Structures are given as structure tokens and as C-alpha cells.
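Presented below is the structure to which this report refers.
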Amino acid sequence: MFRVFNIFKDGFAKLLAFSLILSTLVGFLSFYELYYIVLGVVFVFMLFHIRELKMGDRTALFFLIVCLLSLLFNANIPSYFRAWQRLAIYVGVVFVVGPMFVSPSISRLRSKFLFYSMDLCVLLSVASFIGYFFDINYMVRNGEVLEIGVGSFSGFMIHSIYLGLFAGLAAAYMLIRTLSENNKPNKILLSFFTLCCLGACILSSSRNGVMSGLVGCLTALFSWFREKKSKAISWVFVVVLLGAITFPIWGELTDFLVEKQVENKEMGGVLYSREKKIEARITEFKRSPIYGIGFCVIDPKLDVVNIENGQIEPGSSWLEIASMTGIVGFALFVTLCLKALKRAWNIEDKLKSSVLLALLASFMAHMIFEGWILAPHSIMVVVFWLVLSSTYDQSELVYK
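For the sequence shown, my numbering assigns the number 1361 to the last residue and increments by one with no breaks.
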């Protein structure tokens, strides 16, 4: 069913996808060194095709330059942030998987890398949903596997936040696969996978993950039925109606999500867990609105910083970009996303076009309340930049 199982076709891209997902997203493995090996292998592949390389989206280059300037203009950044090291790795990630440099061969590889990674995310999401009923949970903190509780279920993934995002992405991806399938037995199976992915997303109790997953699914519908928007509206109506009718059957899956929402309301409001971080990012932006306070830097007086490794949790990717790189960096990043959306919309292959639009919309929604976009070690960053660069690949995507 999934092309990822046919290792004899596109074996190189599949090996990259397996290595990336298994080393960064799977909860029962701990081999993060593979993350750098995968990026290094793609870099070597680029070197073999260096004569084909041409400038892709110059906005990505300008954005990285602004990130560099944000550090040069802020000379007194504490060393524990390791800002220069993080920027060096981030530049490498964007160079390897981003849209800055493209060629037919490299664009095809990145596109296949992305789609096979999504196939694996589907498998992990379905397995996580089924695993919930068998008490399988790899949510690990301090070396111990936690019992299922509010915000602590991650299934076969390393963290509930990752499960929420990638299960939502997988749901949108599978929805388009379902809509494009003509074989009835396969369509039923793909529908089941889509529902499992949605179920896993809900079980993560990540409100942001659920929201971004729904945004991705709605984008998938309206993109697929772009010539017949009334049909998309009909689909939404039918799904909502069926969901309401069958809620007594699956409603228990939302208990963790509801409980988390209630706790936040009791503690101070719907956005209680993000309110202070949002205020901190806005204050930092006001302090340095042109070039920001520095790449991967926050004000330790306003927010928590791990002094040992410089780890931070900005709380919002959009505000993170604004506070760290200023209005110039923010404008460039927004331009990057809008150009990618335009390229994705214009791709002739309807399946690929709809998938990329749905993934972009889901990521952009998730970035509202999760600050990961400038984290150089994050698989979220790699997959996001792969989506942007895949909009340059115009080759036809065929599932067999």
C-alpha cells in the first residue's frame, strides 16, 4: 500500500526518511547522531550535482543574512545561548533542505524525502492511536516512561507535542490520499488511517496540534475541491454532522484535551500557558524592532533560560522571529511562506499541490503557539523547510 515499503524504488530517499524519522521522532530509539548524518549525506549529494545548482528563493538567503546581522548588532549576548553555534547549524539545515539552492535532481530528492517521511509519520500516528488502547506510551521525562495523563501521551513518538503536530500533518496528508483514491477498498483503508491519525492528534491533548491538524484538513478539502468549493463545504457539513452523531462513541478520546483546557481556564485563562511568553516576545520586539535581540536569544529577565545549554521555549514561532530578527526578518519570513503557498498552488499535479498547501497551512497554524522555527536541531524545522523546497519540484507524484 505505502510506497515506503518498496525499498527497491527510490531507495536512497527512503533510507534518508527512515533515518531521519527513526532518529528524531520515534520514542523507543535514541540515536540522534543520525540527524546530522542524514543532513551530511544530502549535502554530499548536492556536491555531486553542484553544476546543476541555481539560486532558488533568494528570500531564504536574505532571511539568513538578517539572522546573522541580528547577532552582529547585539554584541553582548551571553555565551550560554550558544547563538553562533546554533546559527551555523541552522544555516546548514536551510542550505541542505531549504529552497535557497535548487536543481531538478535535488528538488526531486527533497520532495521524495518529504513524502516518504510523511508516509512514516502516518504509520507512527496509526500505531500510536492503536497503541493507546494497549497502554503503549513513550512519553519520557527524566529517563522514566510516564503513565498516560493530561498532556503526557505520545504513543510511539518522543513527546506529545510532536505527536500532536505530526499526527495532524499525517491526517491532512491521508485525507488528500483518500480523496485521490479511486479503488473503493483502498479508499476505505485510507479513510481508516485518516481517522486514526486524527485520533492520535486528539489523544496528544495538544490544543495547538489539534488546531493545526484541523487547519491542514480544511485546507486539504478546499484545495482538492478548488473548482467546486460547494463540494468542500458539503464535505465539512457531513463530517461535522457524523462527528456530532457518533460523539458518544469516540468522545472519551477528548477527555485529556478537555481536562487540559479546564485547568488552564482555572489558572488564568485559555492562553495561560503561553500568555507570559507572548508578552515577553512582544516586549523584546518593542525593545529592538528593526533587527531584533539576536538569533536564538531571549531576555532572561522576562522568560526562562536553561543556563547549562541555552535551551529556550519562545512560545510562538511567529513572535520568535519578530523578537529575535526584528521586523525585517519577520517580513522576509512571511514573504517566504507566501511565495511557497503560491508555488504550491500553481503545481499542476493536483495531489502534490494539495498536499503541500495543506502541510504549509498546518505548519503556519502550529507556529502561532509553538516556538520551534529557529531551533536548528528540530525535526519540525527540517520537515518545514522540506515542504518549502518541495514546491520547486514540478515532477509528477504517482502512488502505486
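The beta carbon of each residue, even a glycine, is placed where N, CA and C say it ideally should be.
Keep in mind it's a predicted model, so treat the numbers as computed, not measured.
query                                                                                                                       : result
Those runs of the beta strand (DSSP E) which lie wholly inside the region 1141-1190 and span at least 3 residues            : none
Separation of PHE1330 from LEU1008, as counted between CA atoms                                                             : 37 Å
8 Å CB neighbourhood of MET962 in its chain, flanking five on each side removed                                             : For MET962, the predicted model reports a pLDDT of 41, less than 50, meaning its position is unreliable and no value from the coordinates is stated.
VAL1265, DSSP secondary structure in three states                                                                           : coil
Cβ neighbour criterion (16 or more within 10 Å) applied to HIS1120                                                          : buried
VAL1258 - DSSP class collapsed to helix/strand/coil                                                                         : coil
Length of the line joining the Cα atoms of THR1180 and VAL1057                                                              : 28 Å
Rounded C-alpha distance that separates VAL1344 from LEU1075                                                                : 7 Å
Beta-carbon proximity list for PHE1034, same chain, < 6 Å, skipping 5 on both sides                                         : TYR1252
Rounded C-alpha distance that separates SER1350 from GLU994                                                                 : 24 Å
For PHE1023, three-class secondary structure by DSSP                                                                        : helix
Rounded C-alpha distance that separates HIS1010 from VAL1055                                                                : 17 Å
Assigned secondary structure, PHE1034 (DSSP; H/G/I helix, E/B strand, else coil)                                            : coil
Rounded separation between ASP1096 and ASN1267 - CA only                                                                    : 32 Å
Exposure label - GLY1332; buried when at least 16 CB within 10 Å                                                            : buried
contact_flag[the region 1280-1291, the region 1244-1258] where n(CB pairs < 8 Å) is 3 or more                               : yes
DSSP-derived helix/strand/coil call for MET1007                                                                             : helix
Where LYS970 sits in the DSSP three-state scheme                                                                            : coil
C-beta contact flag for LEU1302 and LEU1321 at 8 Å                                                                          : yes
Simplified DSSP state of MET962, which is helix, strand or coil                                                             : Low confidence applies here, because MET962 scores a pLDDT of 41, under 50, leaving its location unreliable and the question unanswered by this model.
Close-in-space but distant-in-sequence residues of the same chain around ALA1044 (CB under 7 Å, 5 per side omitted)         : LEU1032, ILE1038, GLY1255, PHE1256, CYS1257 and VAL1258
As assigned by DSSP and simplified to three states, the class of MET1328                                                    : coil
Cut-off 7 Å between Cβ atoms - residues of its own chain near ALA1326, not counting five sequence neighbours on either side : MET1172, SER1173 and VAL1176
Same chain, Cβ closer than 6 Å to GLN1272, neighbours up to 5 away in sequence not counted                                  : none
Euclidean distance between Cα positions of THR1352 and PHE1094                                                              : 38 Å
VAL987 - partner residues in DSSP beta bridges                                                                              : MET1118
Minimum C-alpha distance to VAL999 - residue among SER991, ILE982, ARG1012 and GLY988                                       : ILE982
Bridge partner(s) assigned by DSSP for ILE1273                                                                              : VAL1266
Integer Cβ distance of PRO1275 from ILE1050, believed to fall under 8 Å                                                     : Going by Cβ atoms, the distance from PRO1275 to ILE1050 rounds to 17 Å, so no, they are not a contact pair.
Paired residues, beta bridge with MET1341 - DSSP                                                                            : Note: MET1341 sits in no beta bridge, so no partner.
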